[in-house]
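In order, the protein sequences belong to chains A and B. Quick note: the first sequence, position 12, residue 11 per numbering that gives the first Met the number 0, numbers continuous. Quick note: the second sequence, position 78, residue 77 per numbering that gives the first Met the number 0, numbers continuous. Where a beta carbon is used, it is the ideal one built from N, C-alpha and C, also for glycine. To start, the structure under review is shown below, and the notes come after it.
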Amino acid sequence: MGGWAIAVHGGAGVDPNLPLERQEEAKQLLTRCLNLGISALRSNLPAIDVVELVVRELETDPIFNSGRGSALTEQGTVEMEASIMDGQKRRCGAVSGVTTVKNPISLARLVMDKSPHSYLAFSGAEEFARQQGVEVVDNKYFITKENVGMLKLAKEAKTILFDYRIPAVGLDTCSAGVDSPLVMNGLPISVYAPETVGCVVVDGQGHCAAATSTGGLMNKMMGRIGDSPLIGAGTYAGDLCGVSCTGEGEAIIRGTLAREVAAVMEYKGLGLQEAVDFVIKERLDEGYAGLIAVSRNGEVAYGFNTTGMFRGCATEDGFMEVGIWE
Amino acid sequence: MGWAIALHGGAGVPLALPPERLLPREEALHHCLHLGVQALKAGNSALDVVELVVRELENNPHYNAGKGSVLTSEGTVEMEACIMDGKTKKCGAVSGLKTVVNAISLARLVMEKTPHIYLAFDGAEAFAREQGVETVDSSHFITAENIERLKQAKEANRIQLDYTEPTAKAPKNEKLIGNGDSQLGTVGCVAVDSQGNLATATSTGGLVNKMVGRIGDTPIIGAGTYANHLCAVSATGKGESMIRSTVARDVAALMEFKGLSLKEAAAYAVEGVPRGTAGLVAVSATGEVTMPFNTVGMFRACATEDGHSEIAIWPSK
């Protein structure tokens, strides 16, 4: 027990027909990010710095749904959100509605470190970004051709779903009436997979941290905020653990998923894996999601009730694993 | 068993508040409690009751929500609200509203009419127009009292920069913040109806002199607002503290995982937050109510079917 540990994710809910090259590409990115984190941990960087630098890497790479490569709003633009939490004093920072900041997770960190608040959004967040002198780019930078295509498909899928009068239960809300892990957020995952990114770390001092970043839901309404920037839902870190979630935002919010893992450890004395399993099994109702977590004892765990989750984890004793499927 | 209701108009009441500022607030508590109780007696659902009570509090210019919202550093209003149905755990939240007369009702529409939970700023305003809810010029929400409050806060900030987080001397700090008036305040209502269904609603203008775009605990499920099958919670206080302590969720979690009673769980949750920064109201499925706070005072009121009722500002003896 003890020692550092790190986990990263690139989203829960993966198309089983995802072409092998895409799967490989994703695994390579996860491996690269893990290695970045591991190096940093070996250089004794604190957990909070490690999660930030790893998520920056995930945001910069267009593969997953964060930073560049973010999912598009119904208007075809990008609105990104992120949150970061330092388990040591439970300090936190979050941003939403970010449209020009290259690395939203770093802006979230600045909210935590340099502002009197915990959460800034939209024009206020952008204004703060300029005051802080962070790197900004045109919104177009974040938009990839692939996602433009996906948006089109998503709009069509919505039309088709309604035309075929698939059971209306929950169709106009986020839990699809079609009860299948292959439909998430009301869309087939061949069209849209959540692919939020995140990283959790416990450093050599036993301090935990967590960070999550996303472009959000494909074809989302302007101004829609999901779970990723909400402390307790998509991200949480305390004394005992650090957690980052991904999947159906609405289900994660309603289940206060990240906080739940910590709460059952704190109040029920469950171990990390037990806590993760409990939360995935009992707290998702009809929702689909996944999460990664580390404990202050150097353990790492993950769980998901979706078809696959892009993830990687490593511990100081040399264990390392990158995977997609069960 | 039976119905129960509790509502608040914010924690953090300056000792020096003059009677002419206290009286209208007290009256509002009476009025809203009465409204809520009548609605429960008439068999309305907890969800309908909390919405209607919070609308009333939003319309009252003496509380920090809707009309009477505190101002951002730019002198504007940015309102936020959140509603949650304990039975289904469905929820709705809004932030950054400038023209919507009743933020809580828009939050409810987000919950019922969109596939999302949370809409903010321009997107939320656009949705409001789509839904045809009542909107007015932003100036409607701004009161002279709040313009003054903002002025004092800006002046105090020059002093405040030298001080760190509020210590046990909460009253002193609250005075520092703005000539005897407090920065804290939010409105909320929790209820359990005769069917045993729980609901919560919270609404606020946020923190005086907040940065534009700042979001507090109110619209964050688990921080300022939470309801499930065990209890419904609406919290008030310094948003940043409530967020990191997931106060509202913790009340329910303590009941569920540690078997604490509503009262114990709520007290514990409030104690876990720095002195002078929090208060909450909560009801349980079995009709209990509790209204703990660690500030100098909290505008609050509650009533239960068995006839108990309380309207208060200062700590009960």
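### Task
Return helix, strand or coil for Leu32 (chain B), following the three-state DSSP convention.
Taking the first residue of the second sequence as position 1, residue 32 (chain B) is located at position 33. In this structure, Leu32 (chain B) counts as helix in the three-state DSSP scheme.
#### Entry: Separation of Asp84 (chain B) from Tyr287 (chain A), as counted between CA atoms
Locating residue 287 (chain A) in the first sequence gives position 288, where the first residue counts as 1. Locating residue 84 (chain B) in the second sequence gives position 85, where the first residue counts as 1. Cα to Cα, Tyr287 (chain A) sits roughly 20 Å from Asp84 (chain B).
### Message
Strictly by DSSP, which residues pair up with His8 (chain A)?
### Response
Numbered from 1 along the first sequence, position 9 holds the residue referred to as residue 8 (chain A). The secondary-structure analysis by DSSP pairs His8 (chain A) across a beta bridge with A:Gly197, A:Arg310.
### Query
Got a sec: is the Cβ-Cβ distance from Asp121 (chain B) to anything in chain A below 8 Å?
On the second sequence, position 122 is the one that residue 121 (chain B) refers to. Chain A, which has a Cβ nearer than 8 Å to the Cβ of Asp121 (chain B), makes this yes.
#### Entry: Residues of its chain near Asn43 (chain A), where Cβ-Cβ distance is below 8 Å and the 5 sequence neighbours each way are ignored
As a first step, residue 43 (chain A) must be located in the first sequence, where it is residue number 44. Taken in chain order, the residues that qualify are Asp202, Gly203.
### Message
Does Pro166 (chain A) pass the burial test, meaning 16 or more other C-beta atoms within 10 Å, or should it be called exposed?
### Response
Taking the first sequence and counting its residues from 1, the one referred to as residue 166 (chain A) is at position 167. Caution is warranted here: a pLDDT of 37 is assigned to Pro166 (chain A), below 50, making its placement in the model unreliable, and no coordinate value can be reported.
### Proximity test, Cβ basis, 8 Å: Ala169 (chain B) and chain A
Counting from one through the second sequence, the residue named residue 169 (chain B) turns up at place 170. In this predicted model, Ala169 (chain B) has a pLDDT of only 38, less than 50, meaning its place in the structure is not dependable; the value taken from the coordinates is given anyway. Not an interface residue.
### Message
Tell me the DSSP secondary structure of Gly176 (chain A) in three-state form.
### Response
Translated into positions along the first sequence, residue 176 (chain A) becomes position 177. Confidence is the limiting factor: at Gly176 (chain A) the pLDDT is only 42, short of 50, which leaves the residue's position unreliable and the question unanswerable from this model.
### Cross-strand partners of Thr141 (chain B) (DSSP beta bridge)
One-based indexing of the second sequence puts residue 141 (chain B) at position 142. Before going further, note that residue 141 (chain B) is Ile rather than Thr in the sequence given. According to DSSP, Ile141 (chain B) shares a beta bridge with no other residue.
### Query
What distance in whole Å lies between the Cβ atoms of Thr255 (chain A) and Arg248 (chain B), which are believed to be in contact at a cut-off of 8 Å?
In the second sequence, counting from the first residue as 1, residue 248 (chain B) sits at position 249. In the first sequence, counting from the first residue as 1, residue 255 (chain A) sits at position 256. Contact between Arg248 (chain B) and Thr255 (chain A) holds, since their C-beta atoms are separated by about 5 Å, short of 8 Å.
### Query
Ile116 (chain B) to Arg243 (chain B), Cα distance in whole Å?
Here residue 116 (chain B) refers to the residue found at position 117 when the second sequence is read from its first residue. Here residue 243 (chain B) refers to the residue found at position 244 when the second sequence is read from its first residue. If I take the Cα positions, the gap works out to 20 Å.
### Task
Can you tell me which of the three DSSP states Val77 (chain A) falls into?
Taking the first sequence and counting its residues from 1, one reaches residue 77 (chain A) at position 78. Val77 (chain A): coil per DSSP, three-state reduction.
### Query
Closest Cβ-Cβ distance between Thr245 (chain B) and chain A: below 8 Å?
Taking the first residue of the second sequence as position 1, residue 245 (chain B) is located at position 246. Interface residue, yes.
### Chain-ordered chain A contacts of Lys209 (chain B) [CB-CB under 8 Å]
Translated into positions along the second sequence, residue 209 (chain B) becomes position 210. Residues of chain A whose Cβ lies closer than 8 Å to the Cβ of Lys209 (chain B) are, in chain order, His116.
### Query
In chain order, what residues of the same chain lie with their CB nearer than 6 Å to the CB of Ala236 (chain A), ignoring the 5 residues before and after it?
Locating residue 236 (chain A) in the first sequence gives position 237, counting from the first residue. Taken in chain order, the residues that qualify are Met84, Gly86, Cys207, Ala208, Ala209.
#### Entry: Cβ-based burial, Ala55 (chain B) [other Cβ within 10 Å; buried from 16]
Translated into the one-based positions of the second sequence, residue 55 (chain B) becomes position 56. Here residue 55 (chain B) turns out to be Glu, not Ala, going by the sequence shown. Burial of Glu55 (chain B) is indicated by the presence of at least 16 other C-beta atoms within 10 angstroms of its C-beta.
### Task
Just grab the DSSP bridge partners of Ala124 (chain A) for me.
Position 125 of the first sequence, counted from the first residue, corresponds to residue 124 (chain A). Answer is none; Ala124 (chain A) lacks a bridge partner.
### Task
Classify Gly131 (chain B) as helix, strand or coil using the three-state DSSP reduction.
For the purposes of this step, residue 131 (chain B) is identified with residue 132 of the second sequence, where counting begins at 1. Three-state result, Gly131 (chain B): coil.
### Task
Measure the alpha-carbon distance for Asn64 (chain A) versus Glu58 (chain A) and round it to whole angstroms.
Locating residue 64 (chain A) in the first sequence gives position 65, where the first residue counts as 1. Locating residue 58 (chain A) in the first sequence gives position 59, where the first residue counts as 1. Answer to the nearest angstrom: the Cα atoms are 8 Å apart.
### Query
Under 8 Å between C-beta atoms, does Gly123 (chain A) make it to chain B?
Your numbering for residue 123 (chain A) matches position 124 in the first sequence. Look at Gly123 (chain A): its C-beta is under 8 Å from a C-beta on chain B.
### Query
Sorted by chain position, which residues of the same chain lie with C-beta nearer than 7 Å to Val52 (chain B)'s C-beta, five sequence neighbours on each side aside?
Reading the second sequence from its first residue, position 53 is the one you call residue 52 (chain B). By the criterion of a C-beta distance shorter than 7 Å, Val52 (chain B) is surrounded in its chain by Leu6, Cys31, Leu34, Gly35, Cys188, once the five residues flanking it on both sides are discounted.
### Query
What's the call for Lys88 (chain B), buried or exposed, on a 16-neighbour Cβ count within 10 Å?
The count along the second sequence starts at 1 and reaches residue 88 (chain B) at position 89. Lys88 (chain B) counts as buried, since no fewer than 16 other beta carbons sit within 10 angstroms of its beta carbon.
### Range covered by the beta strand (DSSP E) that runs through Gly248 (chain A)
Residue mapping note: residue 248 (chain A) aligns to position 249 of the first sequence, counting from 1. Careful: Gly248 (chain A) lies outside any beta strand (DSSP E), inside the alpha helix (DSSP H) at 248 to 253.
### Message
Using the three-state DSSP reduction, which class does Leu16 (chain B) fall into: helix, strand or coil?
### Response
Along the second sequence, one-based indexing puts residue 16 (chain B) at 17. Coil, per DSSP.
#### Entry: Contacting positions in the segment 240 to 271 of chain A - beta carbon closer than 7 Å to chain B
Those residues of the segment 240 to 271 of chain A placed with their C-beta closer than 7 Å to a C-beta in chain B are Glu249, Ile252, Arg253, Thr255, Arg258, Ala262, Val263, Tyr266, Lys267, ordered along the chain.
### Message
Using a Cβ distance threshold of 8 Å, determine whether the segment 37 to 45 of chain B contacts the segment 61 to 70 of chain B, with at least three qualifying pairs required.
### Response
With the cut-off at 8 Å, the segment 37 to 45 of chain B and the segment 61 to 70 of chain B do not touch.
### Query
In angstroms, rounded to a whole number, what distance separates the CA positions of Pro17 (chain B) and Pro23 (chain B)?
Your numbering for residue 17 (chain B) matches position 18 in the second sequence. Your numbering for residue 23 (chain B) matches position 24 in the second sequence. Near 11 Å, if we compare the C-alpha coordinates of Pro23 (chain B) and Pro17 (chain B).
### Task
Give a yes or no on whether the C-beta atoms belonging to Val260 (chain A) and Ala274 (chain A) are separated by under 8 Å.
Taking the first residue of the first sequence as 1, we reach residue 260 (chain A) at position 261. Taking the first residue of the first sequence as 1, we reach residue 274 (chain A) at position 275. Yes, the Cβ-Cβ distance between Val260 (chain A) and Ala274 (chain A) is below 8 Å.
### Task
Assuming Thr224 (chain B) and Thr217 (chain B) form a contact by the criterion Cβ under 8 Å, report the distance between their Cβ atoms to the nearest whole angstrom.
One-based indexing of the second sequence puts residue 224 (chain B) at position 225. One-based indexing of the second sequence puts residue 217 (chain B) at position 218. Correct: roughly 7 Å between the Cβ atoms.
### Residue from B:Lys150, B:Arg213, B:Arg148 whose Cα sits closest to the Cα of Ala124 (chain A)
Here residue 124 (chain A) refers to the residue found at position 125 when the first sequence is read from its first residue. Sorting B:Lys150, B:Arg213, B:Arg148 by C-alpha distance to the C-alpha of Ala124 (chain A) places B:Arg213 at the top.
### Message
Here's the rule I'm using: 16 or more other beta-carbon atoms within 10 Å means buried, otherwise exposed. How should Pro291 (chain B) be labelled?
### Response
The residue labelled residue 291 (chain B) in the question sits at position 292 within the second sequence. Using a 10 angstroms sphere on the CB of Pro291 (chain B), the tally of other CB atoms reaches 16 or more, which defines it as buried.
### Query
Closest to Val186 (chain B) by CA distance: which of B:Leu39, B:Glu19, B:Gly65 is it?
Counted from its first residue, the second sequence places residue 186 (chain B) at position 187. Of the candidates B:Leu39, B:Glu19, B:Gly65, the one whose C-alpha sits nearest the C-alpha of Val186 (chain B) is B:Gly65.
### Proximity of Leu118 (chain B) and Val93 (chain B) at Cβ, strictly below 8 Å
Taking the first residue of the second sequence as 1, we reach residue 118 (chain B) at position 119. Taking the first residue of the second sequence as 1, we reach residue 93 (chain B) at position 94. Yes. Within cutoff.
### Message
Against chain A, with Cβ distances strictly below 8 Å, would Cys81 (chain B) count as a contact?
### Response
Stepping through the second sequence from its first residue, residue 81 (chain B) is reached at position 82. Chain A, which has no Cβ nearer than 8 Å to the Cβ of Cys81 (chain B), makes this no.
### Message
Please list the terminal residues of the continuous alpha helix (DSSP H) segment that includes Glu73 (chain B).
### Response
Taking the second sequence and counting its residues from 1, one reaches residue 73 (chain B) at position 74. According to the DSSP assignment, Glu73 (chain B) belongs to no alpha helix (DSSP H), since it is labelled neither H nor E.
### Query
What residues match up with Ile83 (chain A) in a beta bridge as DSSP calls it?
For the purposes of this step, residue 83 (chain A) is taken as residue 84 along the first sequence, with counting starting at 1. Bridge pairing for Ile83 (chain A): A:Gly92, A:Ala210 [DSSP].
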